[in-house]
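**Student:** Residue numbers (my numbering), protein chains in the order written: chain A, 79 to 280; chain B, 79 to 280.
In this text, a Cβ means the ideal position worked out from N, Cα and C, and glycines have one as well.
I'd like to ask some things about the structure below.
Listed below in structure tokens is the structure:
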């Protein structure tokens with residue numbers, strides 16, 4: 079087909095990692111372009127051109143056409159490359175997968191981020207919110223274990239959430255997933271720095 | 079097929095209206111169940127059972143199986159009833175439609191709601207945000223004209239946003255859309271009451 083596929087991403091972003099993971103699962107070769115998302119001025123002119131609305135990674139570029147928003151990109155990948163389906167075939171099961179993906183992005187990830195990056199005195203309350211989300215979640219999250227290591231707030235444990243724990247254990251031991259995970263110590267470094275900043279005297 | 083289709087909705091919710099609109103467009107007969115969403119205790123046990131995560135309308139019940147989240151429901155309707163496609167056929171066009179639907183829900187609607195329901199002294203700033211969203215939007219919004227009538231903040235005008243204005247004019251003059259729009263004076267009453275409440279002395 080001579081497809082030209084590029085991903086504009088950031089090494090530590092679960093959103094760009096999920097796009098890469100989908101392409102890996104489908105066996106679609108792609109070129110990866112790393113973006114410096116921490117400093118606005120460092121974002122490449124191409125990223126701003128391809129995602130002028132949100133100015134964020136990930137962006138998938140397919141034969142010159144850009145798509146933004148990771149869940150939108152996943153749907154596009156699923157429809158464009160049929161091998162190794164990501165979503166279940168049955169429309170109802172598919173709806174459930176979409177519902178949980180949306181729940182993860184809209185509710186869980188913001189709650190977990192808040193639990194990790196709240197000032198110390200607000201952290202327990204935020205962690206409680208995050209725990210409630212995780213209790214509801216029947217799907218999996220990526221990157222949270224690093225956060226609990228840093229903040230000391232245990233969000234995910236085999237005792238409290240056995241099914242979710244098992245799911246993530248299986249998820250991260252899959253060889254394709256392993257390939258797309260960012261190095262743990264690098265993630266840990268960034269998260270620790272951010273937590274320290276949150277708690278620094280103003 | 080003997081399909082049993084029910085929609086749990088609220089007359090003034092654009093989210094449940096879009097589900098009804100999709101069913102109308104597809105020609106799928108359904109039973110409508112009105113929920114009182116203003117008072118938590120008035121929500122029906124069925125709604126809580128069918129959408130335990132968000133406890134919100136709309137819920138689509140298809141042959142006893144519940145689906146929540148309006149955009150997830152629309153995808154399900156599109157896949158289940160093939161007549162009169164809602165989404166474009168081309169995968170890239172489809173991705174664009176999904177991108178703008180997500181933008182509408184995640185950015186525009188919250189900004190417009192904020193512009194309508196901010197206390198008077200914060201309203202201009204909130205309206206500015208909403209205007210920026212609408213400028214970006216290439217799709218359409220429903221219900222905003224009522225809000226600008228109440229608050230006096232003009233968000234959508236033929237001079238400032240000619241394409242969007244034209245789109246919404248066409249949208250609301252479509253016969254199926256007309257059928258699914260809530261009565262304007264009823265919407266106006268609810269919005270006015272809420273604006274008054276926002277500005278009432280604490």
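Compare the Cα-Cα distances from residue 117/B to each of 134/B, 107/B, 169/B, 105/B and report the closest residue.
**Tutor:** Position 39 of the second chain holds residue 117/B. Of the candidates 134/B, 107/B, 169/B, 105/B, the one whose C-alpha sits nearest the C-alpha of residue 117/B is 134/B.
**Student:** With 16 other CB atoms within 10 Å as the buried threshold, where does residue 224/A fall?
**Tutor:** Your numbering for residue 224/A matches position 146 in the first chain. Residue placement at residue 224/A is flagged as unreliable, the pLDDT there being 48, under the threshold of 50; a coordinate-derived value is accordingly withheld.
**Student:** Since residue 246/B contacts residue 131/A with CB under 8 Å, what's their CB separation in whole angstroms?
**Tutor:** In the second chain, residue 246/B corresponds to position 168, counting from 1. In the first chain, residue 131/A corresponds to position 53, counting from 1. About 20 Å separates the two Cβ atoms, so there is no contact after all.
**Student:** What do you reckon, are the CB atoms on residue 84/B and residue 138/B nearer than 9 Å?
**Tutor:** Counting from one through the second chain, the residue named residue 84/B turns up at place 6. Counting from one through the second chain, the residue named residue 138/B turns up at place 60. Yes, they are a contact pair.
**Student:** Once the 5 residues before and after residue 145/B are set aside, which same chain residues still bring their CB inside 6 Å of it?
**Tutor:** One-based indexing of the second chain puts residue 145/B at position 67. 138, 151, 154, listed in sequence order.
**Student:** Below 8 Å on the Cβ atoms is my contact criterion, and I expect residue 136/A with residue 181/A to pass it. Report the Cβ-Cβ distance as a whole number of Å.
**Tutor:** Indexing the first chain from 1 puts residue 136/A at position 58. Indexing the first chain from 1 puts residue 181/A at position 103. Wrong, their Cβ atoms sit about 20 Å apart, outside the cutoff.
**Student:** Quick check: what's the CA-CA separation for residue 255/A versus residue 95/B?
**Tutor:** Within the first chain, the letter at position 177 stands for residue 255/A. Within the second chain, the letter at position 17 stands for residue 95/B. Approximately 40 Å, taken between the alpha carbons.
**Student:** Pick helix, strand or coil for residue 146/A, following the three-state DSSP scheme.
**Tutor:** Residue numbering aside, residue 146/A sits at position 68 when the first chain is read from its first letter. The answer is strand: DSSP assigns residue 146/A an E or B state.
**Student:** Which residues, in order along the region 142-172 of chain A, keep a beta-carbon less than 8 Å from a beta-carbon of chain B?
**Tutor:** 143, 145, 146, 147, 149, 150, 151, 153, 154, 157, 158, 169, 170, 172
**Student:** Tell whether a beta-carbon distance below 9 Å holds between residue 207/B and residue 179/B.
**Tutor:** For the purposes of this step, residue 207/B is taken as the residue at position 129 of the second chain. For the purposes of this step, residue 179/B is taken as the residue at position 101 of the second chain. No; because the gap between Cβ atoms is not below 9 Å, this pair is not in contact.
**Student:** Check whether the region 165-180 of chain A touches the region 98-115 of chain A, counting contact only when three or more Cβ pairs, one atom from each stretch, lie closer than 8 Å.
**Tutor:** no
**Student:** Under 9 Å between the Cβ atoms of residue 141/B and residue 82/B?
**Tutor:** In the second chain, counting from the first residue as 1, residue 141/B sits at position 63. In the second chain, counting from the first residue as 1, residue 82/B sits at position 4. In this structure, residue 82/B lies closer than 9 Å to residue 141/B by Cβ.
**Student:** DSSP beta-bridge partners for residue 137/B?
**Tutor:** In the second chain, counting from the first residue as 1, residue 137/B sits at position 59. Answer is 86/B, 146/B.
**Student:** Our contact map puts residue 177/B next to residue 147/A with C-beta atoms below 8 Å; I'd like the distance itself, whole angstroms only.
**Tutor:** Numbered from 1 along the second chain, position 99 holds the residue referred to as residue 177/B. Numbered from 1 along the first chain, position 69 holds the residue referred to as residue 147/A. At roughly 6 Å, the Cβ-Cβ gap stays under 8 Å, so residue 177/B and residue 147/A are in contact.
**Student:** Residue 129/A and residue 198/A look like a contact to me (Cβ under 8 Å); what is the Cβ gap, rounded to whole Å?
**Tutor:** In the first chain, counting from the first residue as 1, residue 129/A sits at position 51. In the first chain, counting from the first residue as 1, residue 198/A sits at position 120. About 35 Å separates the beta carbons of residue 129/A and residue 198/A, which is beyond the 8 Å limit, so they are not a contact pair.
**Student:** Between residue 248/A and residue 211/B, what straight-line distance do the alpha-carbon atoms span, to the nearest angstrom?
**Tutor:** On the first chain, residue 248/A is found 170 positions in, with the first residue counted as 1. On the second chain, residue 211/B is found 133 positions in, with the first residue counted as 1. Those two C-alpha atoms are separated by around 41 Å.
**Student:** So, for residue 91/B: in the same chain, excluding its five sequence neighbours on each side, which residues have a beta-carbon less than 8 Å away from its beta-carbon?
**Tutor:** As a first step, residue 91/B must be located in the second chain, where it is residue number 13. Closer than 8 Å at the Cβ level, and outside the excluded window around residue 91/B, lie 115, 135, 136.
**Student:** Where does the unbroken beta strand (DSSP E) through residue 118/B begin, and where does it stop?
**Tutor:** For the purposes of this step, residue 118/B is taken as residue 40 along the second chain, with counting starting at 1. Segment: none, residue 118/B is in no beta strand (DSSP E) and carries neither H nor E.
**Student:** I need the boundaries of the alpha helix (DSSP H) containing residue 183/A, first residue and last residue.
**Tutor:** Taking the first residue of the first chain as 1, we reach residue 183/A at position 105. From DSSP, residue 183/A is part of no alpha helix (DSSP H); its letter is neither H nor E.
**Student:** Quick one: is residue 173/B buried, meaning 16 or more other Cβ sit within 10 Å of its Cβ, or exposed?
**Tutor:** As a working mapping, residue 173/B is identified with position 95 in the second chain. The residue in question, residue 173/B, is buried, as its Cβ has 16 or more Cβ neighbours within 10 Å.
**Student:** Give the residues of chain A in contact with residue 181/B, contact being defined as C-beta atoms less than 7 Å apart.
**Tutor:** Taking the first residue of the second chain as 1, we reach residue 181/B at position 103. The answer, in chain order, is 131.
**Student:** Counting only beta-carbon atoms, is residue 95/A nearer than 9 Å to chain B?
**Tutor:** Counting from one through the first chain, the residue named residue 95/A turns up at place 17. By this cut-off, residue 95/A is not an interface position.
**Student:** Could you work out which residue in 273/A, 159/A, 203/A is closest to residue 102/A when comparing CA atoms only?
**Tutor:** Mapped onto the first chain, residue 102/A falls at position 24. That would be 159/A, whose Cα lies nearest to the Cα of residue 102/A.
**Student:** What would DSSP say about residue 170/B, mapped onto helix, strand or coil?
**Tutor:** Locating residue 170/B in the second chain gives position 92, where the first residue counts as 1. Correct three-state label for residue 170/B: helix.
**Student:** Report, in whole angstroms, the separation of the C-beta atoms of residue 250/A and residue 259/A, which I expect to be a contact under 8 Å.
**Tutor:** As a position in the first chain, residue 250/A is number 172, starting the count at 1. As a position in the first chain, residue 259/A is number 181, starting the count at 1. Yes, they are in contact, since the Cβ atoms of residue 250/A and residue 259/A sit about 7 Å apart, within 8 Å.
**Student:** For residue 177/B and chain A, any beta-carbon pair shorter than 9 Å?
**Tutor:** In the second chain, residue 177/B corresponds to position 99, counting from 1. Chain A, which has a Cβ nearer than 9 Å to the Cβ of residue 177/B, makes this yes.
**Student:** According to DSSP, residue 111/A sits in a beta bridge with which residue or residues?
**Tutor:** In the first chain, the residue the question calls residue 111/A occupies position 33. Partner(s): 86/A.
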